[in-house]
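Please read the structure below before turning to the comments.
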Amino acid sequence: MTLRTRISLALTLWFVAEAIALALIVQVIGVGGAVLLGIATSLLGGSLLKKAGRSALSALRQTAGPGGTGVFRGNLALDGTLGAIGALFLLLPGFLTDAIGLVLATPLFRAPITRWIQGGGFRTVRGEPRAQHGPTSIDLEPGDWQPVDDAIRRPLPKV
Numbered sequence: 364m365t366l367r368t369r370i371s372l373a374l375t376l377w378f379v380a381e382a383i384a385l386a387l388i389v390q391v392i393g394v395g396g397a398v399l400l401g402i403a404t405s406l407l408g409g410s411l412l413k414k415a416g417r418s419a420l421s422a423l424r425q426t427a428g429p430g431g432t433g434v435f436r437g438n439l440a441l442d443g444t445l446g447a448i449g450a451l452f453l454l455l456p457g458f459l460t461d462a463i464g465l466v467l468a469t470p471l472f473r474a475p476i477t478r479w480i481q482g483g484g485f486r487t488v489r490g491e492p493r494a495q496h497g498p499t500s501i502d503l504e505p506g507d508w509q510p511v512d513d514a515i516r517r518p519l520p521k522v
């Protein structure tokens, strides 16, 4: 099966699932309620997207610092990106996309998703991290490394 066929099949299945979700929502709350719910989630998505953009800019400014030399943390960028994607999903028509958008827009759910995407995996029930693979320390000979001043990222003079 070609990539184009897979994408077409996935979009068709998504459209059918959205139609079924719409029919179920209309059956439960009626046509007027479904229309109002769709409008409300779109307004919420627009508001969240505006807020996500402002928070991303604020985080970039805070991270960069006065000289613009700060280090941008990947999890902060990923969290903001997931929030923006959630807001976009809320803007799109459809109740399944709204459900995904609400999950991604909620910080409670974004944190574990961010950890999972970054390779940290989901945490166990007690909150303990899963076992990590690889060494926890690396032994180097004295000539294999040199101290670095983290504030300015230049090698320190050898003593």
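Numbering (our numbering), first residue to last: 364 to 522.
Glycine residues also receive a C-beta, built at the ideal position from the N, C-alpha and C atoms.
First and last residue of the uninterrupted alpha helix (DSSP H) at glycine 464: Counting from one through the sequence shown, the residue named residue 464 turns up at place 101. Residues 458-468.
Contact belief for glycine 408 with leucine 374 at Cβ below 8 Å, rounded distance in angstroms: As a working note, residue 408 is residue 45 in the sequence shown. As a working note, residue 374 is residue 11 in the sequence shown. No, glycine 408 and leucine 374 are not in contact; Cβ-Cβ is about 21 Å, not under 8 Å.
Helix, strand or coil at glutamate 504 according to DSSP, with G and I counted as helix: Stepping through the sequence shown from its first residue, residue 504 is reached at position 141. The answer is coil: DSSP assigns glutamate 504 none of H, G, I, E or B.
What is the DSSP secondary structure of glutamine 509, counted as helix, strand or coil? Your numbering for residue 509 matches position 146 in the sequence shown. Here glutamine 509 sits in coil by DSSP.
Can you have a look at threonine 477 and say buried or exposed, based on whether 16 or more other CB atoms are within 10 angstroms of its CB? To locate residue 477, count along the sequence shown from 1; it is residue 114. Threonine 477 is buried by the Cβ-count criterion.
So what's glycine 409 in DSSP terms, helix, strand or just coil? The residue given as residue 409 occupies position 46 in the sequence shown. Of the three classes helix, strand and coil, the one that applies to glycine 409 here is helix, per DSSP.
Give a yes or no on contact between the stretch 381-389 and the stretch 448-463, applying the rule of three or more CB pairs nearer than 8 Å. yes
Assuming contact is defined by CB atoms lying nearer than 9 Å, are glycine 443 and serine 418 in contact in what I supplied? As a first step, residue 443 is located in the sequence shown; it is residue number 80 there, counting from the start. As a first step, residue 418 is located in the sequence shown; it is residue number 55 there, counting from the start. The answer is yes: Cβ separation under 9 Å.
Shortest alpha-carbon distance to alanine 403 belongs to which of Ser371, Leu453 and Ile392? In the sequence shown, the residue the question calls residue 403 occupies position 40. Ranking Ser371, Leu453 and Ile392 by Cα distance to alanine 403 puts Leu453 first.
C-beta contact flag for isoleucine 388 and leucine 376 at 9 Å: As a position in the sequence shown, residue 388 is number 25, starting the count at 1. As a position in the sequence shown, residue 376 is number 13, starting the count at 1. It is not a contact, given that the beta carbons lie outside the stated cut-off.
Buried versus exposed, by CB contacts within 10 Å (16 or more), leucine 412: Here residue 412 corresponds to residue number 49 of the sequence shown, with the count starting at 1. Leucine 412 is buried by the Cβ-count criterion.
Coil, strand or helix - threonine 365 by DSSP: Position 2 of the sequence shown, counted from the start, is the residue given in the question as residue 365. Of the three classes helix, strand and coil, the one that applies to threonine 365 here is coil, per DSSP.
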